[in-house]
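Enquirer: Residue numbers (mature numbering (1 follows the signal peptide of the UniProt record, and there is no 0)): -25 to -1, 1 to 676. Positions of the beta carbon are idealized from the N, C-alpha and C atoms, including for glycine.
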Amino acid sequence: MSLLRSVRLAALLAALSAGTGGVIAVASGHRTVQPPGESMTEGSVLHVVAHPDDDLFFMNPDLSRSIRAGSKVTTAYLTSGESDGRNEAHGRHVKDPVRPADRASYAEARQNGIRGAYAQMATGDRTSPWERKSVPTAGGGFAEVDVLVAEPRISLVWLQLREARSIDGENPDSLRGLWNGKTAALGAQLTSGTPVEQSFSYTKEQVVRTVAGVLEQYKPTTIRLQDPTPGLWEESGRPVDHQDHMYGARFIQAATERYAKSADRPHFSVQNYSGYLNTSLPSTLDPHTAEEKVRYLKTYAWLDHQEWCGSPAGCGDRKTAARPAGYGWSQSIRYSRGDSTSWMAEGAAGRLWAFAVLDGRMAYWSRGGPRADWQGPELLPGTGMDPGATAVRLLDGRIAVFGTRTTLGAGPQDYSRSIVYALQSSPNGAFGPWRTLGTPETSDAAGTSAISGPSVAVDRTGRMTVYVRDAKRTLLARAQSAPNGPFGAWQALGGADLQGEPAIAIDAEGRHHVYAATSRTVLAWIQRTPGSPLEGPLPTSLPATTVPLSVSPEGEGVRLFFRRPGSGVVRTALATAGRPGLRLSPVTEAGGGAGYGAVGVAGPLLAGRGGNAGTISTAGMGGTGGTGGTGPLGGSGGSPVWSESRLLYAGAPAGVVEASGAASMAVLGLDADLHVTTTPPVASQSDAPRPRSRWLRAVRR
């Protein structure tokens, strides 16, 4: 059954699909004319969250920037977020009169606040009107669908299920209880102002069918959801996130798996977002971006108490008014998966390979030589792949690709995650079947399948070693006993409070360097000699980072790239193996202010989110041999100048220095297409200024 049957609403959506696709260039928040052929933001973005405000707290500024870029943007809310039914703010600075509990009314007030915030993001006017309809769902119930009249590419879908009404307390009538079989059906919590008139309830299967129906209706190319496996707080052993966030995300995983089987849809990628974990980690956003994020939250919180919405329930969520910045949430945005910058590699005969997860399967693109055309995407067999990939070249030129795969299973105890990899049968040949390395986790009983994506190193003998952070936030490794041989057992390497994915590189002597961020610094593990056991964790004395690390070989050591908390400026330091321990150069800055997320490195070429628009930005650093040279960042002219593109993207950029000396970088756009940029070899440019990197679609349509 289609989600939408309203003729007028369907006409709006059809016109939108035919007429826009989000093909709008972005420059500092303004629509601009795009140079012919250059990549720009396209595609359709769908957010699915547990509660009204999860999108504003945990997915912004990605949300507002997608709206600003002209993309088709839809957000679906699984629950009504009715809580205790009291729309009041009690805090040091704000005290509202005590109100009687009214869950339907409070849920309506939250809806009003969300509509105001979205209207403000899209039009600048929170009072901009919406068209509101009750529509049947694929699960047999009803949903409210709101379309912004001034910008009909913006839609809100309210599924209006009951929330857990507790962060982690056991409540059978919840998404958690429904997922785990503690209740057979979860009822609706209708808002007092909704056009939905009939009450309903959903079984587990009906929730999956309903969300899959939303996906089938809006046909997103990027799906944004919360973290289904946030792990546990070490001090309490309780889940890091709200139970609705975690189990809601698992329902969405099941729905995307079903949606992937639909024939009439575009390719899509998935992005997971961290939630409450942001409280304990350094801020990722610069003051200007954080202030903008808080501005939308203040609208949602109805901070000014002006009766702008005409609803007796209230015009926003007064509980948020006591703390509109959340618990540090407004200062950060983090991806819980997909921060790897190592998903691109050069195989035999100069062929490039790039990998990303599309439709829940590992996809690859390839390019035969510097002047050849890119081909792809081709999808490897096997479903359930999580966002993110890591690719390495073996000594004979074959490529191995690694990732993690989630198995939903028939029952809640069967939910699990494992590390898998696929190898080419011959250089530049076909990929063989997926092989599994399992997981260092023994159970997901408490939702602890929170392993990171794998990082992989190939030593001089051809042996692969896989490094992973486990749910206890320590480092583990699993190595081949011989080239092309089996992998041994997991080895515990220690550490504590590790965040994100480990970053690895091999220096000129063949020694492994492994680095992992904590909430306060960076820890290191290094080999004193090639093939010797790793020593660590070693303190680096590096300052706190925003977590994602990138590392690449340079001279006798490796160079780390990371961002400064509270600004997004890219920082770098050169690490070399000492006797004993580790030597680090002073930290210098590579600019790129106002960015967040991982930084891709390809010799002299850097790439990452930057500028007020959050699009892919690049910088070329001078000097020969990558970032090594006479200046603080390898060039004679000091810090590089960053150039901003017109392309929003998912995940992290990846790059490689080709055998020809050219530096190539790739990102996965919100359109689920590969986009690339290439700079010629440094030597061919002499001392001439490096031209601005132009991002182009890898495969022409």
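Might you give, ordered along the chain, the residues of its own chain that have their beta carbon closer than 6 Å to the beta carbon of residue 548, omitting 5 neighbours on each side?
Expert: Residue 548 sits at position 573 when you count from the first residue of the sequence shown. Only 535, 559, 560, 562 meet the Cβ criterion.
Enquirer: Note the first and the last residue of the continuous beta strand (DSSP E) segment covering residue 677.
Expert: The first residue shown for the chain is -25 and the last is 676, placing residue 677 beyond what the model contains.
Enquirer: Since residue 310 and residue 403 are thought to touch, with beta carbons under 8 Å apart, how far apart are those beta carbons, to the nearest angstrom?
Expert: By one-based count along the sequence shown, residue 310 stands at place 335. By one-based count along the sequence shown, residue 403 stands at place 428. Rounded to whole angstroms, the Cβ separation of residue 310 and residue 403 is 31 Å, and the two are not in contact under 8 Å.
Enquirer: Relative to the C-alpha of residue 475, which residue among 313, 162, 104, 217 is closest?
Expert: As a working mapping, residue 475 is identified with position 500 in the sequence shown. Closest by alpha carbon: 313.
Enquirer: Do you know how far the Cα of residue 331 is from the Cα of residue 349?
Expert: Counting from 1 along the sequence shown, the entry for residue 349 is found at position 374. Counting from 1 along the sequence shown, the entry for residue 331 is found at position 356. Computed Cα separation, rounded: 15 Å.
Enquirer: At a cut of 8 Å, does the stretch 108 to 120 reach the stretch 168 to 180 through at least three beta carbon pairs?
Expert: yes
Enquirer: Between residue 645 and residue 18, how many whole angstroms is the CB-CB distance? I'm expecting something under 8 Å.
Expert: Walking along the sequence shown from the start, residue 645 turns up at place 670. Walking along the sequence shown from the start, residue 18 turns up at place 43. 4 Å between Cβ atoms; contact.
Enquirer: With a threshold of 6 Å on Cβ separation, who are the neighbours of residue 130 within its own chain once the five nearest residues in sequence on each side are excluded?
Expert: On the sequence shown, position 155 is the one that residue 130 refers to. Closer than 6 Å at the Cβ level, and outside the excluded window around residue 130, lie 49, 122.
Enquirer: In angstroms with no decimal places, state the Cα-to-Cα distance between residue 141 and residue 89.
Expert: Residue mapping note: residue 141 aligns to position 166 of the sequence shown, counting from 1. Residue mapping note: residue 89 aligns to position 114 of the sequence shown, counting from 1. Taking the straight line from one Cα to the other gives about 21 Å.
Enquirer: Roughly how many angstroms separate the alpha carbons of residue 531 and residue 481, rounded to a whole number?
Expert: Residue mapping note: residue 531 aligns to position 556 of the sequence shown, counting from 1. Residue mapping note: residue 481 aligns to position 506 of the sequence shown, counting from 1. Cα-Cα distance, rounded: 10 Å.
Enquirer: Decide if residue 583 is buried, meaning its Cβ has at least 16 other Cβ atoms within 10 Å, or exposed.
Expert: Walking along the sequence shown from the start, residue 583 turns up at place 608. Buried, by the Cβ-count rule.
Enquirer: Which full runs of the beta strand (DSSP E) of 3+ residues lie inside the stretch 170 to 226, going along the chain?
Expert: For the stretch 170 to 226, whole beta strand (DSSP E) runs of length 3 or above, ordered along the chain, are 197 to 201.
Enquirer: Let me check one thing: in DSSP terms, what residues is residue 525 bridge-paired to?
Expert: Counting from one through the sequence shown, the residue named residue 525 turns up at place 550. Partner(s): 536.
Enquirer: Have a look at residue 125 and residue 74 and give me their C-alpha separation to the nearest angstrom.
Expert: Against the sequence shown, residue 125 aligns to sequence position 150. Against the sequence shown, residue 74 aligns to sequence position 99. Their Cα atoms are separated by approximately 35 Å.
Enquirer: Helix, strand or coil: how does DSSP classify residue 233 here?
Expert: Taking the first residue of the sequence shown as 1, we reach residue 233 at position 258. Residue 233 falls in the helix class under three-state DSSP.
Enquirer: Kindly indicate the opening and closing residues of the beta strand (DSSP E) around residue 511.
Expert: Translated into positions along the sequence shown, residue 511 becomes position 536. Annotation: the continuous beta strand (DSSP E) that includes residue 511 extends over 509 to 514.
Enquirer: On the premise that residue 244 lies in contact with residue 513, defined as a C-beta separation below 8 Å, what is that separation, rounded to the nearest angstrom?
Expert: Residue mapping note: residue 513 aligns to position 538 of the sequence shown, counting from 1. Residue mapping note: residue 244 aligns to position 269 of the sequence shown, counting from 1. Residue 513 to residue 244, Cβ: 36 Å. No contact.
Enquirer: Have a look at 593, 580, 316, 486 and flag the residue whose alpha-carbon is nearest the alpha-carbon of residue 502.
Expert: Mapped onto the sequence shown, residue 502 falls at position 527. Residue 502 has its Cα closest to that of 486, out of 593, 580, 316, 486.
Enquirer: So what's residue 304 in DSSP terms, helix, strand or just coil?
Expert: Numbered from 1 along the sequence shown, position 329 holds the residue referred to as residue 304. Here residue 304 sits in helix by DSSP.
Enquirer: Residue 187 and residue 230 look like a contact to me (Cβ under 8 Å); what is the Cβ gap, rounded to whole Å?
Expert: Within the sequence shown, numbered from 1, the residue matching residue 187 stands at position 212. Within the sequence shown, numbered from 1, the residue matching residue 230 stands at position 255. Rounded, the Cβ-Cβ distance is 4 Å, consistent with contact.
Enquirer: Would you mind reading off the limits of the alpha helix (DSSP H) that contains residue 94?
Expert: Start at 1 with the first residue of the sequence shown, and residue 94 comes out as number 119. Note, residue 94: alpha helix (DSSP H), 78 to 98.
Enquirer: Run the CB neighbour count on residue 396, radius 10 Å, all protein chains shown included, and call it buried at 16 or more, exposed below.
Expert: Walking along the sequence shown from the start, residue 396 turns up at place 421. It is buried - the Cβ of residue 396 has at least 16 other Cβ atoms within 10 Å.
Enquirer: Cα-Cα, which of 56, 63, 40, 441 is closest to residue 95?
Expert: Position 120 of the sequence shown, counted from the start, is the residue given in the question as residue 95. When only C-alpha atoms are compared, the closest one is 40.
Enquirer: Who pairs with residue 571 in a beta bridge, going by DSSP?
Expert: Walking along the sequence shown from the start, residue 571 turns up at place 596. Beta-bridge pairing links residue 571 to no other residue.
Enquirer: Quick one: what does DSSP say residue 604 is sitting in, helix, strand or coil?
Expert: The residue you call residue 604 lines up with position 629 of the sequence shown. Confidence in residue 604 is poor, its pLDDT being 34 and thus under 50, which makes the residue's placement unreliable; the coordinate value appears in the next sentence. DSSP, reduced to helix, strand and coil, places residue 604 outside both helices and strands of the structure shown, so it counts as coil.
Enquirer: Is the beta carbon of residue 259 closer than 7 Å to that of residue 16?
Expert: Translated into positions along the sequence shown, residue 16 becomes position 41. Translated into positions along the sequence shown, residue 259 becomes position 284. Not closer than 7 Å, so no.
Enquirer: If you draw a straight line from the alpha carbon of residue 456 to that of residue 176, how long is it in whole angstroms?
Expert: On the sequence shown, residue 456 is found 481 positions in, with the first residue counted as 1. On the sequence shown, residue 176 is found 201 positions in, with the first residue counted as 1. Those two C-alpha atoms are separated by around 54 Å.
Enquirer: Which one or two residues does DSSP pair with residue 111 in a beta bridge?
Expert: If you number the sequence shown from 1, residue 111 lands on position 136. In DSSP, residue 111 forms a bridge with 117.
Enquirer: Does DSSP put residue 353 in a helix, a strand or coil?
Expert: As a working note, residue 353 is residue 378 in the sequence shown. Strand at residue 353.
Enquirer: Taking a contact to mean a Cβ-Cβ separation below 7 Å, would you say residue 216 touches residue 203 in this structure?
Expert: By 1-based counting over the sequence shown, the position of residue 216 is 241. By 1-based counting over the sequence shown, the position of residue 203 is 228. Against a cut-off of 7 Å, the Cβ pair of residue 203 and residue 216 comes out as no contact.
Enquirer: Is any non-hydrogen atom of the ligand HEM found closer than 6 Å to the C-beta of residue 515, if you look at the structure I gave you?
Expert: No copy of the ligand HEM appears in this structure; indeed no ligand is present at all.
Enquirer: Could you check the C-alpha separation between residue 461 and residue 398 for me, to the nearest Å?
Expert: Sequence index remark: in the sequence shown, residue 461 carries index 486 (1-based). Sequence index remark: in the sequence shown, residue 398 carries index 423 (1-based). The straight-line gap from Cα to Cα measures roughly 13 Å.
Enquirer: DSSP three-state label for residue 577, please.
Expert: Numbered from 1 along the sequence shown, position 602 holds the residue referred to as residue 577. Secondary structure at residue 577: strand, using DSSP grouped into helix, strand and coil.
Enquirer: What residue from 390, 346, 329, 382 has the CA that sits closest to residue 368's CA?
Expert: Within the sequence shown, numbered from 1, the residue matching residue 368 stands at position 393. Per the Cα distances, 329.
Enquirer: Where residue 381 and residue 153 are concerned, what is the direct C-alpha to C-alpha distance, given to the nearest angstrom?
Expert: Sequence index remark: in the sequence shown, residue 381 carries index 406 (1-based). Sequence index remark: in the sequence shown, residue 153 carries index 178 (1-based). Using only the alpha carbons, I get a separation of about 19 Å.
Enquirer: Closest to residue 571 by C-alpha separation, out of 46, 585, 565, would be which residue?
Expert: Numbered from 1 along the sequence shown, position 596 holds the residue referred to as residue 571. Cα-wise, what sits closest to residue 571 is 585.
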